[in-house]
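There are 2 protein chains.
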Amino acid sequence: MKPVTLKQIAETLGISITTVSKALKDYPDVSKKTKALVKDLAQTLNYKPNSFAVNLRTRESKTIGLIVPEIVHHFFSSVIKGIISQAEKKGYLVIILQSNESYTLEKKQIELLLSKRVDGILISLANETANYNHLNSVLANETPLVMFDKIAKLVNCSKVLINDREAAYNATQHLINIGCKRIAHFRGPLLPQNSIDRFLGYKKALLDNDIAYDSTLVYILKDMSYDEGRFYAKKLIQDHKDVDGIFINTDLVAIGAIKEFNNLNIKVPEDISIIGFSNWFMSSVISPSLTTIDQPGFEIGKKAFKLLFREIKNKKNNKKINYKDVILETELVIRESTKTL
Amino acid sequence: MKPVTLKQIAETLGISITTVSKALKDYPDVSKKTKALVKDLAQTLNYKPNSFAVNLRTRESKTIGLIVPEIVHHFFSSVIKGIISQAEKKGYLVIILQSNESYTLEKKQIELLLSKRVDGILISLANETANYNHLNSVLANETPLVMFDKIAKLVNCSKVLINDREAAYNATQHLINIGCKRIAHFRGPLLPQNSIDRFLGYKKALLDNDIAYDSTLVYILKDMSYDEGRFYAKKLIQDHKDVDGIFINTDLVAIGAIKEFNNLNIKVPEDISIIGFSNWFMSSVISPSLTTIDQPGFEIGKKAFKLLFREIKNKKNNKKINYKDVILETELVIRESTKTL
DNA sequence: CTGAAAGCGCTTACAG
DNA sequence: CTGAAAGCGCTTACAG
Chain A
2 MKPVTLKQIA
12 ETLGISITTV
22 SKALKDYPDV
32 SKKTKALVKD
42 LAQTLNYKPN
52 SFAVNLRTRE
62 SKTIGLIVPE
72 IVHHFFSSVI
82 KGIISQAEKK
92 GYLVIILQSN
102 ESYTLEKKQI
112 ELLLSKRVDG
122 ILISLANETA
132 NYNHLNSVLA
142 NETPLVMFDK
152 IAKLVNCSKV
162 LINDREAAYN
172 ATQHLINIGC
182 KRIAHFRGPL
192 LPQNSIDRFL
202 GYKKALLDND
212 IAYDSTLVYI
222 LKDMSYDEGR
232 FYAKKLIQDH
242 KDVDGIFINT
252 DLVAIGAIKE
262 FNNLNIKVPE
272 DISIIGFSNW
282 FMSSVISPSL
292 TTIDQPGFEI
302 GKKAFKLLFR
312 EIKNKKNNKK
322 INYKDVILET
332 ELVIRESTKT
342 L
Chain B
2 MKPVTLKQIA
12 ETLGISITTV
22 SKALKDYPDV
32 SKKTKALVKD
42 LAQTLNYKPN
52 SFAVNLRTRE
62 SKTIGLIVPE
72 IVHHFFSSVI
82 KGIISQAEKK
92 GYLVIILQSN
102 ESYTLEKKQI
112 ELLLSKRVDG
122 ILISLANETA
132 NYNHLNSVLA
142 NETPLVMFDK
152 IAKLVNCSKV
162 LINDREAAYN
172 ATQHLINIGC
182 KRIAHFRGPL
192 LPQNSIDRFL
202 GYKKALLDND
212 IAYDSTLVYI
222 LKDMSYDEGR
232 FYAKKLIQDH
242 KDVDGIFINT
252 DLVAIGAIKE
262 FNNLNIKVPE
272 DISIIGFSNW
282 FMSSVISPSL
292 TTIDQPGFEI
302 GKKAFKLLFR
312 EIKNKKNNKK
322 INYKDVILET
332 ELVIRESTKT
342 L
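Just so you know, the sequences run in chain order A and B.
All residue numbers for the first sequence refer to the numbering used here, where the first residue is 2 and numbers rise by one.
All residue numbers for the second sequence refer to the numbering used here, where the first residue is 2 and numbers rise by one.
Have a look at this one:
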């Protein structure tokens with residue numbers, strides 16, 4: 002069953018391909034009668050324009066690319082959902098790639114998307130990524146690019162963010178408010194901007210409250226996994242018996258830490274208060290439930306697509322693109338893993 | 002910066018487009034010298050074939066479509082990851098769509114993918130889907146189709162599955178082995194094949210052990226959410242004070258039930274043993290941790306893509322496609338939510 | 001070993 | 001209101 006083409010409709014009706022094409026797209030210069038005839042036949046033959054040909058002619062594919070570090074991850078899957086839902090509304094399809102936190106893979110995937118000529122690219126960077134040439138080549142290629150969550154400050158494009166520094170500050174301040182004196186921080190790797198900012202927020206809160214910053218209380222994690230959470234929870238207790246609070250870069254790690262403390266018979270929050278980051282669903286169902294910063298993944302995804310869409314449109318109309326940083330609100334969600342005031 | 006074309010390379014080198022095209026693809030009938038010349042220039046100009054033109058000529062896009070009911074879901078995101086990782090190896094890109102368990106949306110998305118002329122489609126059905134015309138139209142369109150997890154028995158295509166009936170049987174048998182006498186079942190909606198099969202496995206285990214089947218112990222859930230788990234846990238206790246075990250269709254619901262029992266001060270597993278299904282990561286970290294059936298999402302995804310790839314290849318070579326059902330192994334993972342033997 | 005030509009299926013500027 | 005023609009950028013059967 003070969004797909005129906007304009008040519009077939011034209012021949013059947015004894016008119017030209019041009020007219021058929023125009024009729025289907027409701028050009029004003031085609032008679033009503035012809036339009037009706039064409040549309041009817043197209044309908045009965047179940048005509049679908051060959052998108053390959055349309056892409057070639059119009060130079061656009063109505064498809065965007067999305068690269069995330071990891072798909073099986075509450076935050077990123079929420080972002081993906083936000084992006085897809087918004088894209089669908091505007092008639093765009095989304096190709097999804099996973100970088101596995103690898104710079105090499107990320108770079109290859111960018112090239113792949115570029116060679117596929119997607120209309121735009123959405124990306125959250127791999128932890129490893131320190132070189133931005135591949136991103137600049139997207140820009141040089143005049144393909145709209147929007148970064149979210151894990152961004153590179155130096156790349157000149159629109160970004161969707163939260164105020165990591167402020168959120169981390171608030172989290173740490175909350176620990177201080179409930180009486181914590183020795184507050185540790187499990188931070189992410191050195192490169193990603195959000196792990197830098199969260200660290201800086203933590204540090205500033207300490208200083209603003211006249212608590213001496215002690216670098217031995219800061220642990221630099223690598224893969225931000227549940228197991229790392231367990232490992233560093235144990236290590237922290239061995240290194241510092243006097244710790245009474247921890248601000249942890251991400252919920253999954255915090256959940257590992259809570260689990261480890263449960264095992265070691267260290268009471269959360271009585272002995273140690275814990276705050277995570279991101280508000281994974283899981284955090285509300287573990288015991289004790291986790292105090293955390295709610296990070297609106299779905300909204301971030303929606304907003305990121307909206308920005309990208311705007312840039313795609315502007316590009317088509319040869320309008321200048323003005324880059325924009327959008328900062329979304331976060332919220333401290335207080336649960337059982339922190340002492341009450 | 003306009004993308005480089007074959008024509009430009011040809012003109013620069015003073016040879017024909019044909020030869021350039023052939024040189025780049027290492028046709029044997031082009032001289033080594035010409036090939037070197039062409040490849041060098043293509044390299045320096047950073048030539049990338051226009052995929053729109055290639056698609057139109059070759060009638061394939063090296064892109065497949067994937068429809069899942071929900072993305073923010075441990076099982077499905079694992080499947081997605083499996084599919085993408087395997088697709089990438091074979092040079093295929095994946096467009097992802099989410100049906101939200103809606104038949105109408107699913108149908109529209111199938112049409113969209115068909116009109117985009119993807120090389121193949123992978124799908125896990127929406128709970129609502131009872132009519133398979135849209136799937137048959139994929140087949141009629143000669144687009145390879147593979148279903149996984151939530152499948153329609155009646156559609157004539159390859160499928161990747163687990164043995165739901167057997168897995169449910171084993172789960173129920175385990176409850177019986179540890180001494181449960183009144184075993185309830187929280188099942189999924191009426192239509193999806195896997196909720197039917199899990200129910201049948203449950204029932205058969207009861208009968209094989211001479212335990213009377215009591216339909217009032219079976220609760221039919223709608224959206225399989227955490228909140229539904231809480232709701233029906235409470236209801237179950239009100240309806241049946243003597244229940245001592247529950248086999249629950251999916252982990253998220255089971256986690257809701259455990260949480261509710263914790264709140265109601267009903268001890269799991271002392272008062273009631275609970276078994277879930279799927280082995281979400283979350284299930285290993287809640288208290289008590291959840292006994293469940295491990296369902297290999299990542300493997301299901303990989304296998305589904307492999308089957309689809311085989312069919313795409315066969316179609317291209319005009320070989321007959323022989324449909325295949327692949328059944329993957331599951332495993333009972335015993336944790337704290339069930340009594341010990 | 002090289003290249004002219006046809007064609008994939010559309011869209012659109014232009015002529016009538 | 002209709003249509004001939006050019007062209008998007010490739011691939012490939014065919015001729016030389």
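For every residue, glycine included, the Cβ atom is placed at its ideal position computed from N, Cα and C.
Close CB contacts of Leu57/B within its chain, under the 6 Å cut and outside five residues either way in sequence, are absent.
Closest in C-alpha terms to Asp30/B, from the list Thr20/B, Val39/B, Leu38/B, Ala37/B, comes Thr20/B.
Our two residues, Ile124/A and Ser62/B, have alpha carbons roughly 23 Å apart in a direct line. Secondary-structure assignment with DSSP links Leu94/A through a beta bridge to Thr64/A. Scanning chain B for C-beta atoms nearer than 7 Å to the C-beta of Lys117/A yields Ser52, Leu94, reported in chain order. In summary, Tyr214/A is exposed, with fewer than 16 beta-carbon neighbours lying within 10 Å of its beta-carbon over all protein chains present. At a cut-off of 8 Å between beta-carbon atoms, Met225/B makes no contact with chain A. The beta carbon of Gln239/B sits no closer than 8 Å to any beta carbon of chain A. Assigned with DSSP and collapsed to three states, Leu162/B falls in strand. Within a 10 Å sphere around the beta-carbon of Asp326/A sit fewer than 16 other beta-carbons, which makes this residue exposed. Chain order gives the chain B residues near Ile85/A as Ile72, Ile97, Leu98, Gln99, where near means a beta carbon separation below 9 Å. The three-state reading of DSSP puts Ser285/B in helix, counting H, G and I together. For His186/A, the enclosing beta strand (DSSP E) covers residues 184–188.
Lys36/A and Ile68/A have their C-alpha atoms some 42 Å from each other. A buried status is given to Arg188/B, since no fewer than 16 other beta-carbon atoms sit within 10 Å of its beta-carbon. The Cβ atoms of Phe262/B and Ile273/B lie closer than 8 Å to each other. If you draw a straight line from the Cα of Ile184/B to the Cα of Ser216/B, it is about 11 Å long.
Distance between Lys303/B and Ser86/B, taken at the CA atoms: about 7 Å.
In chain order, Tyr170, Thr173, Gln174 place their CB closer than 6 Å to the CB of Ala206/A, counting only its own chain and leaving out the 5 sequence neighbours on each side. For the stretch 287–318 of chain A, the beta-carbon criterion of a distance under 9 Å to any beta-carbon of chain B is satisfied by Ile287, Ser288, Gly298, Phe299. At a cut-off of 8 Å, the C-beta of Ser78/B has a neighbouring C-beta in chain A. Residue contact check for Ile275/B against chain A: no CB pair falls below 8 Å.
Non-local C-beta neighbours of Val39/B in its own chain, meaning closer than 7 Å and more than five positions away in sequence, comprise Ile10, Leu14, Val21, Ala24, Leu25, ordered along the chain.
No Cβ of chain B is located within less than 8 Å of the beta carbon of Ser338/A.
For Gly180/B, the three-state secondary structure derived from DSSP is coil.
Less than 8 Å separates the beta-carbon of Glu312/B from that of Gly121/B.
Using beta-carbon distances, Ile247/A does not count as an interface residue toward chain B, since no partner is under 8 Å.
The C-beta of Ser100/B has 16 or more other C-beta atoms within 10 Å across all chains shown, which makes the residue buried. The beta-carbon separation of Pro70/B and Ala127/B, rounded to 5 Å, stays under the 8 Å limit for a contact. In this model, Ile96/B and Asn210/B are separated by some 47 Å (Cα to Cα). Chain B has a Cβ within less than 8 Å of the Cβ of Ser62/A.
Per the DSSP secondary-structure output, Leu123/A pairs in a beta bridge with Leu67/A, Val147/A. Straight across, the Cα-Cα distance linking Lys49/B with Thr6/A is about 29 Å.
Assignment of Glu167/B by DSSP, reduced to helix, strand and coil, places it in the helix class. Taking 8 Å as the Cβ-Cβ cut-off, the stretch 28–60 of chain B approaches chain A at Lys49, Pro50, Asn51, Ser52, Phe53, Ala54, Asn56, Leu57, Arg60, given in chain order.
Contact check for Ile275/A against Ile301/A fails: the beta carbons are separated by 8 Å or more.
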